[in-house]
Structures are given as structure tokens and as C-alpha cells.
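Undergrad:
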Amino acid sequence: MQSYVIEGGRKLEGEVYISGSKNASLPIIAGSILNGNISKLYNVPNIHDTQITLKILKLLGCKVKKNGKKIEINSKYINKKEIPEDLMRQMRSTVIMAGAIIGRFKEATFSYPGGCEIGARPIDLHLSAFKKLGINIEENSGFIRCSCDKIVGANINLDFPSVGATENIILATVLAEGITTISNAAMEPEIEDLANYLNKMGAKIEGAGTNFIKITGVKKLKEVSYKVMPDRIEAGTFLCAGAITGGNIELKEVIPEHITPALHKLQEAGCNIEIENRSIKLQAPKKLKAIDIKTMPYPGFPTDLQSIFGAVLATCKGTSTIVENIFENRYKYLYELQRMGAKITIEGKMAVIKGVRKLSATSVNSTDLRGGAALVLAGLSAKGTTKVENIEYILRGYEKFEEKLQKLGARIYIKNN
Ligand code: EPZ
2 MQSYVIEGGR KLEGEVYISG SKNASLPIIA GSILNGNISK LYNVPNIHDT
52 QITLKILKLL GCKVKKNGKK IEINSKYINK KEIPEDLMRQ MRSTVIMAGA
102 IIGRFKEATF SYPGGCEIGA RPIDLHLSAF KKLGINIEEN SGFIRCSCDK
152 IVGANINLDF PSVGATENII LATVLAEGIT TISNAAMEPE IEDLANYLNK
202 MGAKIEGAGT NFIKITGVKK LKEVSYKVMP DRIEAGTFLC AGAITGGNIE
252 LKEVIPEHIT PALHKLQEAG CNIEIENRSI KLQAPKKLKA IDIKTMPYPG
302 FPTDLQSIFG AVLATCKGTS TIVENIFENR YKYLYELQRM GAKITIEGKM
352 AVIKGVRKLS ATSVNSTDLR GGAALVLAGL SAKGTTKVEN IEYILRGYEK
402 FEEKLQKLGA RIYIKNN
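Here's what the structure looks like:
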């Protein structure tokens, strides 16, 4: 197991370059299955989750070549349609590969991805959409076998604007017969990025990024090159690292409009924010002010920044509240913050955080990707040495995390336990 050791109490200052988006890269890598040809992808972050997804592609029979920031995938020689169970269990978002495999081969076998640290995360919306598309689904002993003679476009309404279900429907219907519509679709920027990539290879997807998406099935897809969008959650994480340490930082290679709610909340807390076209400057005040946060589907406040802001609110002046409306179990990191002296009470979906002057450095345990990142930020602000354990969670979603923080002046290093 690995830990971060952090000497806290230092202001972060300087520039940080934001990596490509994890949550855009994963569906785009899955989408490379569809064209039976080459996809040259740029700006894919080299993190555990993208490594696992590429490993699955190779196991299916794809050829994958990496050089520097470019990944070349050739999906011509795929000869398997089953996603290995152990890899499904390691990363639940592999379920969107099922949509791509079915979309091209009209069959796929995969296991239930299982819940994770932040909630049960069922896939009922994915499966009911597949049924509407004429896909037969057999489930036994944890395995799901999907098959059909052809996929026929349908009008699908999502009970909840699920990101993964929206992506899976798009991947399954790019090569379908006829037209598919998705109403109450998720509107996250990662879905727009996926659609831009697929349209570049010859798909016909309209309305991605809105709550109504239309996919007109096509017969053939071609070779494509594509650069993945910047990671808006990593951007929000570094802005909060600047805020919690009273720092002065500049983010490069970002799309500011992707994190408007987070920018407004940081301004409300007293940060000075300057936006240029692809960079964001943040100057933190001496003391942050308490704020209230409610997570919502995009374009509302993103659930993935809830944990990150939770760390920032722990030392704000006054009492803040968080309402987590997307996942039912995304407060575990708060118990670790309490061990650092944070004053927090949790009542159902709401967390009430009474700001303290300073957090106390100690050993804390990562519980999930964003919760772990929140604990790193808490350690950066606490005086003394904080040890964040189980950082494998964090390495799943942040590329060169400690290196980027070190460049901003943080004293942080990895310790192998
Ligand atoms: C994506 O997960 C992201 N992951 C998550 O980021 C993000 O938190 C989430 O979208 C919401 O924005 C990737 O893109 C790889 P959902 P996803 O389907 O697709 C319920 C991170 O930290 N639901 O929109 O799994 C579900 O239980 C990760 O980078 C059903 O009930 O999210 C949850 O409560 C964490 N049935 C809510 O919808 C379904 O069939 C949102 O889930 C599907 C989802």
C-alpha cells in the first residue's frame, strides 16, 4: 500500500497544467471499439483507470500503441466480446464498454460492475435502455449476456440523467438501424466530448450536451484522431488546493465554463478569480467565508467536487452546509476530516460544517477517489505532518498529482508502506 506524507501549512503558488479528462477518456477509449479501425487519441491522462480500460481493449483483441501523449488503438482485430470479470470489478465504469461491444458486434457478456465506495451504483437505466433497443438480456450468477440480431433505434427517456447510461446508449446506437433519441439525457461536457469524437469518425449524433440527444445510425465509421478535453474535476481540485492554503495559483489548459458553479462558490467564499480563454487565476483571501453547496446533475454543482469542497469548508469562517443529491454514500471522507479536528454533523443528505481555525495534522485513510483528494488538501492546510493512506484510490483519477502539487510549492511525497 502507498501513502502520501504531507508537510502542511504552506501557501501554493505558481502555474499548473491540467491533464486530459478521465471521465471523457474512458467512454472515448470504449468508443474506439466501434470503427474497426485506428483511433489516434491525444491528451489521455496516464492514470490507473485509463490503463485498466486499455488493458481490456487489448484482452478483446485490439492493438494498442502508446508513445508519449499519443495512444493509437486499432480495433480491427477484436475477437472477444466478453469483459473480464476481475477488471469489471476493479472499475465499474467499464460497463460502458458493453455498449460499444454490442453496438458493433450485437453481443456482449459482462458481470455486474458492483457498487463502490460512494454508493450502490446500479445499472438498471443502462439495461432498460438496451431492452428498448431490442437487445435480449440474460442474467445469471452475476453475469449479464446481451445479444440481438440487430439494434433498432428507439425513443428512450431516462428516469434520471445518468452520465453512464447516456454514454452507453450513444455507444450502442451509433451503428444501429434508424434513429434513437434520448430525452432527459445527461448534459455533462464529457458526453459532448464523446459525441465530438464519434462524429469525427463518421457517426451522426446531434444535441450532445443538451437533455435531448438524437443518434442517426450509420453503416460505416472511419479512422480518426482526437484530442480529449481537459479534466474539469482536476481543475476544480487544484483551485481548491489554492483556496485552502491561502495561495495564489494559475491553471493552464482548462475550459473555465466547464466549472462555472465551482468558480462562483469560490468567489462567494472570498477568492479572487480571473478568467482568460483557457486559464484561470485564483488568489485566496486570508480567511475563507462559509458557503452552502447542493450537488446536481450538470450544469449544477458537480458531485465530484463535493468532497473536495468539503475539505475547504472545514476551515472557513462560519458554518457551511453541503447537500449531496447524486450519490447516497459520498460523506465517508468527512469522518476522516473529523479526526483532523473538523466540526461536522451529518443529517441524511446534509452535512453541516462549522469552520475551525486550523485542522490538525494526523494519519487519515482515503475512502474513495475524490474523498482521498480532499484529505490531501486538508493535509496541505494543516500545520505539521499528515499521512494519507490508501492513495491507490487517488492515483486512479489524478495524473502526476504529487508532482503538480510539488511544483506549486507543496511538501508532499509518496511513501511505500
Ligand atoms: C459518472 O459516473 C462519473 N464517472 C462519476 O465520476 C460522476 O460522479 C457521475 O458520472 C455523476 O456525474 C465516469 O464518468 C467514469 P451516473 P456514473 O450514472 O455514470 C444512479 C469520479 O469521481 N444510477 O450519472 O456512474 C447512480 O446510482 C466519478 O470521477 C442509477 O440509479 O454516474 C447515482 O446515484 C465518481 N441507475 C446517479 O444515478 C443507473 O442505471 C448518478 O449516476 C445508473 C445510475
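Residue numbering for the sequence shown is 2 to 418, as defined by the numbering used here. Ideal Cβ placement from N, Cα and C applies to all residues, glycine included. Every value quoted in this text rests on a predicted model; they were computed, and no experiment measured them.
(1) Using a threshold of 8 Å, state whether the C-beta atoms of residue 131 and residue 187 are closer than that.
(2) Judging by CA-CA distance, which residue of 391, 103 and 94 is the nearest neighbour of residue 366?
(3) Which residue's Cα is closest to the Cα of residue 58: 32, 249 and 275?
(4) Does the ligand EPZ have a heavy atom nearer than 7 Å to the CB of residue 365?
(5) So which of 144, 189 and 288 has the shortest CA-CA distance to residue 166?
(6) Where does residue 161 fall in DSSP's three states?
(7) What is the residue span of the alpha helix (DSSP H) that residue 267 lies within?
(8) At a cut-off of 7 Å, is residue 1 close to the ligand EPZ when judged by its beta-carbon and the heavy atoms of the ligand?
(9) From residue 323 to residue 278, what distance separates their C-alpha atoms?
(10) Within the present structure, is the beta-carbon of residue 122 separated from the nearest heavy atom of the ligand EPZ by less than 7 Å?
(11) Just list the residues that DSSP pairs residue 147 with in beta bridges.
(12) For residue 83, is the beta carbon positioned less than 7 Å from some heavy atom of the ligand EPZ?
(13) Alpha helix (DSSP H) containing residue 9: first to last residue?
(14) Over the uninterrupted beta strand (DSSP E) stretch that includes residue 413, give me the two end residues.
(15) Report all residues from its chain with a CB closer than 8 Å to the CB of residue 318; omit the five preceding and five following residues, and keep chain order.
(16) Can you give me the C-alpha to C-alpha distance between residue 77 and residue 38, rounded to a whole angstrom?
(17) Compute every distance between the C-beta of residue 304 and the non-hydrogen atoms of the ligand EPZ, then say whether any falls below 7 Å.
(18) Kindly indicate which three-state DSSP category residue 302 falls into: helix, strand or coil?
(19) Taking the runs of the alpha helix (DSSP H) that are 4 residues or longer, which of them lie wholly in the stretch 286-331?
(20) Is the separation between the beta-carbon of residue 184 and that of residue 144 shorter than 8 Å?
(21) Hey, would you say residue 19 sits closer than 8 Å to residue 168, going by beta carbons?
(22) Where does residue 409 sit, in a helix, a strand or coil, going by DSSP?
(23) I think residue 245 touches residue 313, with their Cβ atoms under 8 Å apart; what is that distance to the nearest whole Å?
(24) What separation, rounded to the nearest whole angstrom, lies between the Cα atoms of residue 349 and residue 305?
(25) First and last residue of the beta strand (DSSP E) that includes residue 253?
(26) Tell me residue 352's beta-bridge partners as DSSP assigns them.
(27) Since residue 40 sits in a beta bridge, which residues does DSSP pair it with?
(28) Classify residue 2: buried if its beta carbon has 16 or more other beta carbons within 10 angstroms, exposed otherwise.
(29) Less than 8 Å between the CB atoms is what I'm expecting for residue 175 and residue 204, so what's the real figure, rounded?
(30) Would you tell me roughly how many angstroms separate the C-alpha atoms of residue 107 and residue 164, rounded to the nearest one?
(31) Whose CA, out of 276, 257 and 50, lies closest to the CA of residue 399?
(32) Rounded to the nearest angstrom, how far is the Cβ of residue 232 from that of residue 22, given a contact under 8 Å?
(33) How is the beta strand (DSSP E) around residue 334 delimited, first residue to last?
(34) What are the start and end residues of the beta strand (DSSP E) that includes residue 273?
(35) Do residue 257 and residue 267 come within 8 Å of each other at the CB atom, strictly closer than that value?
(36) Nearest to residue 9 by CA position, among 251, 378, 404 and 403, is which residue?
TA: According to the structure data:
(1) Start at 1 with the first residue of the sequence shown, and residue 131 comes out as number 130. Start at 1 with the first residue of the sequence shown, and residue 187 comes out as number 186. At a Cβ-Cβ threshold of 8 Å, residue 131 and residue 187 do not count as neighbours.
(2) For the purposes of this step, residue 366 is identified with residue 365 of the sequence shown, where counting begins at 1. Looking at the Cα atoms, 391 is the closest of the given residues.
(3) Counting from 1 along the sequence shown, the entry for residue 58 is found at position 57. The candidate whose alpha carbon is nearest that of residue 58 is 32.
(4) Walking along the sequence shown from the start, residue 365 turns up at place 364. For the ligand EPZ, not one heavy atom lies less than 7 Å from the Cβ of residue 365.
(5) Along the sequence shown, read from residue 1 onward, the residue named residue 166 stands at position 165. Residue nearest to residue 166 within the set 144, 189 and 288 is 189 (criterion: CA-CA distance).
(6) Within the sequence shown, numbered from 1, the residue matching residue 161 stands at position 160. Of the three classes helix, strand and coil, the one that applies to residue 161 here is coil, per DSSP.
(7) Locating residue 267 in the sequence shown gives position 266, where the first residue counts as 1. Going by DSSP, residue 267 is part of the alpha helix (DSSP H) stretching over 261-269.
(8) As displayed, the chain neither begins before 2 nor continues past 418, which places residue 1 out of reach and without an answer.
(9) Numbered from 1 along the sequence shown, position 322 holds the residue referred to as residue 323. Numbered from 1 along the sequence shown, position 277 holds the residue referred to as residue 278. If you draw a straight line from the Cα of residue 323 to the Cα of residue 278, it comes to about 30 Å.
(10) Taking the first residue of the sequence shown as 1, we reach residue 122 at position 121. True, at least one ligand heavy atom lies under 7 Å from that Cβ.
(11) Along the sequence shown, one-based indexing puts residue 147 at 146. According to DSSP, which records beta bridges pairwise, residue 147 is partnered with 109 and 138.
(12) Stepping through the sequence shown from its first residue, residue 83 is reached at position 82. Not under cutoff, so the answer is no.
(13) Numbered from its first residue, the sequence shown carries residue 9 at position 8. It is not in any alpha helix (DSSP H) - residue 9 instead sits in the beta strand (DSSP E) that spans 3-9.
(14) By 1-based counting over the sequence shown, the position of residue 413 is 412. Run containing residue 413: 412-417, per the beta strand (DSSP E) assignment.
(15) Taking the first residue of the sequence shown as 1, we reach residue 318 at position 317. Contacts found: 288, 289, 290, 291 and 356.
(16) Taking the sequence shown and counting its residues from 1, the one referred to as residue 77 is at position 76. Taking the sequence shown and counting its residues from 1, the one referred to as residue 38 is at position 37. Straight across, the Cα-Cα distance linking residue 77 with residue 38 is about 5 Å.
(17) Mapped onto the sequence shown, residue 304 falls at position 303. Relative to the ligand EPZ, the nearest heavy atom lies less than 7 Å away from the CB of residue 304.
(18) As a working mapping, residue 302 is identified with position 301 in the sequence shown. In the displayed model, residue 302 falls within a strand according to three-state DSSP.
(19) Taking only runs of at least 4 residues, the alpha helix (DSSP H) segments lying wholly in the stretch 286-331 are 307-314.
(20) As a position in the sequence shown, residue 184 is number 183, starting the count at 1. As a position in the sequence shown, residue 144 is number 143, starting the count at 1. Annotated as distal: residue 184 and residue 144, with beta-carbon spacing of 8 Å or more.
(21) Numbered from its first residue, the sequence shown carries residue 19 at position 18. Numbered from its first residue, the sequence shown carries residue 168 at position 167. No, the Cβ-Cβ distance between residue 19 and residue 168 is not below 8 Å.
(22) Counting from 1 along the sequence shown, the entry for residue 409 is found at position 408. DSSP places residue 409 in coil when its eight states are reduced to three.
(23) Position 244 of the sequence shown, counted from the start, is the residue given in the question as residue 245. Position 312 of the sequence shown, counted from the start, is the residue given in the question as residue 313. That belief holds up - the Cβ atoms of residue 245 and residue 313 are roughly 5 Å apart, short of 8 Å.
(24) Numbered from 1 along the sequence shown, position 348 holds the residue referred to as residue 349. Numbered from 1 along the sequence shown, position 304 holds the residue referred to as residue 305. Distance between the alpha carbons of residue 349 and residue 305: 18 Å.
(25) Taking the sequence shown and counting its residues from 1, the one referred to as residue 253 is at position 252. Residue 253: member of the beta strand (DSSP E) spanning 249-253, first to last residue.
(26) Your numbering for residue 352 matches position 351 in the sequence shown. In the DSSP assignment, residue 352 is bridged to 323 and 347.
(27) Within the sequence shown, numbered from 1, the residue matching residue 40 stands at position 39. BP columns for residue 40 point to 74 and 225.
(28) In the sequence shown, the residue the question calls residue 2 occupies position 1. With fewer than 16 neighbouring CB atoms inside 10 Å of its own CB, residue 2 falls in the exposed class.
(29) The count along the sequence shown starts at 1 and reaches residue 175 at position 174. The count along the sequence shown starts at 1 and reaches residue 204 at position 203. Contact holds; Cβ gap of about 4 Å.
(30) Here residue 107 is taken as the residue at index 106 of the sequence shown, counted from 1. Here residue 164 is taken as the residue at index 163 of the sequence shown, counted from 1. Roughly 22 Å between the two C-alpha positions.
(31) Your numbering for residue 399 matches position 398 in the sequence shown. The shortest C-alpha separation from residue 399 is found at 50.
(32) By one-based count along the sequence shown, residue 232 stands at place 231. By one-based count along the sequence shown, residue 22 stands at place 21. About 4 Å separates the two Cβ atoms, so the contact holds.
(33) Position 333 of the sequence shown holds residue 334. Careful: residue 334 lies outside any beta strand (DSSP E), inside the alpha helix (DSSP H) at 333-340.
(34) If you number the sequence shown from 1, residue 273 lands on position 272. It spans 273-276 - the beta strand (DSSP E) in which residue 273 sits, taken as one unbroken run.
(35) Against the sequence shown, residue 267 aligns to sequence position 266. Against the sequence shown, residue 257 aligns to sequence position 256. No, the Cβ-Cβ distance between residue 267 and residue 257 is not below 8 Å.
(36) For this step, residue 9 is matched to residue 8 along the sequence shown. Distance check between residue 9 and each of 251, 378, 404 and 403 places 378 closest, using alpha-carbon atoms only.
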